[in-house]
């Protein structure tokens with residue numbers, strides 16, 4: 113079995129209930145820097161609730177969350193972002209009619225010493241950061257909604273990198289993308305690993321998960337039912353575990 117590096121994120125015995133529904137039941141999860149962990153499970157399995165606890169959207173009812181070796185209880189997503197956790201949701205958090213440069217610095221705009229927007233600097237940084245991911249953009253002044261889905265995801269990821277992300281949570285990053293765009297996004301995920309970024313990859317596509325992930329965690333009915341390294345699983349094992357809700361932890 114592969115030796116695991118020390119975790120950047122560790123959650124222990126996490127529980128979360130909404131009225132009569134126990135959405136997360138005693139889940140443990142670790143993610144190390146430079147590691148891609150695929151979080152798998154059917155709709156309603158508890159994946160989204162778990163990552164929202166990690167990101168500070170929901171407080172846990174019970175259990176411990178440690179980040180960079182310190183116990184944390186986020187008061188809001190602002191706290192988790194300040195620590196270096198970013199979530200790239202399917203809607204990307206981009207404003208379609210604003211330019212790439214404006215989206216890149218949305219809420220964190222750069223200004224000149226006279227207090228006006230420093231658009232030239234914003235353009236330069238946005239283009240450079242996206243290019244470092246191997247994505248070519250012809251005009252960062254164009255509305256971001258006019259670019260392809262893969263390019264928009266690259267913008268959202270590059271923005272997080274620029275602002276010092278340490279753990280990136282990617283929610284269905286290849287959903288509704290063409291084959292070419294999917295290849296681009298999976299390459300970017302591999303690049304994040306090489307940069308030492310911890311990644312939680314939420315996906316229903318097991319082929320994509322098997323291509324880029326180092327570890328696989330399956331949740332079912334709020335409980336973790338599998339936690340395995342890449343060399344311990346294949347498509348059949350993952351599919352059977354997700355369908356049956358029984359695996360190895």
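Residue numbers (my numbering): 113 to 361. All C-beta atoms, glycine included, are put in the ideal place defined by N, C-alpha and C.
Can residue 172 and residue 310 be called in contact, C-beta distance under 7 Å?
Not closer than 7 Å, so no.
Using 8 Å for Cβ pairs, my map puts residue 163 next to residue 314. What's the rounded Cβ distance?
At roughly 7 Å, the Cβ-Cβ gap stays under 8 Å, so residue 163 and residue 314 are in contact.
Distance check for residue 158 and residue 338, CA to CA, integer angstroms please.
For residue 338 and residue 158, the distance between alpha carbons rounds to 14 Å.
Assuming residue 200 and residue 273 form a contact by the criterion Cβ under 8 Å, report the distance between their Cβ atoms to the nearest whole angstrom.
In fact, because the Cβ distance is near 11 Å, the residues do not count as touching under 8 Å.
Thinking just about the alpha-carbon of each residue, which of 191, 289, 183 is nearest to the one in residue 170?
Taking only the C-alpha atoms, the option nearest residue 170 is 191.
Can you tell me where the alpha helix (DSSP H) holding residue 237 begins and where it ends?
That run of the alpha helix (DSSP H) goes 231-243.
Among the residues of its own chain, which have a CB less than 6 Å from the CB of residue 328, if the five just before and after it don't count?
For residue 328, where only same-chain residues beyond five positions count, the Cβ hits under 6 Å are 150, 340, 345.
By alpha-carbon positions, which one of 185, 203, 202 ends up nearest to residue 195?
Cα-wise, what sits closest to residue 195 is 185.
Alpha carbon to alpha carbon, what distance is there between residue 277 and residue 193?
Whole-angstrom Cα-Cα distance: 8 Å.
Determine the extent of the beta strand (DSSP E) in which residue 175 is found, giving its start and end residues.
Residue 175 -> beta strand (DSSP E) spans 174-179.
Counting pairs of Cβ atoms below 8 Å between the segment 206-222 and the segment 286-298, do you hit three or more?
Touching, no, given that fewer than three Cβ pairs across the two stretches are closer than 8 Å.
Out of 187, 271, 177, state which residue places its alpha-carbon closest to the alpha-carbon of residue 219.
That would be 271, whose Cα lies nearest to the Cα of residue 219.
Considering only C-alpha positions, which residue in the set 331, 246, 245, 253 is nearest to residue 139?
With distances taken between Cα atoms, residue 139 lies closest to 331.
Going by DSSP, which residues form a beta bridge with residue 255?
211.
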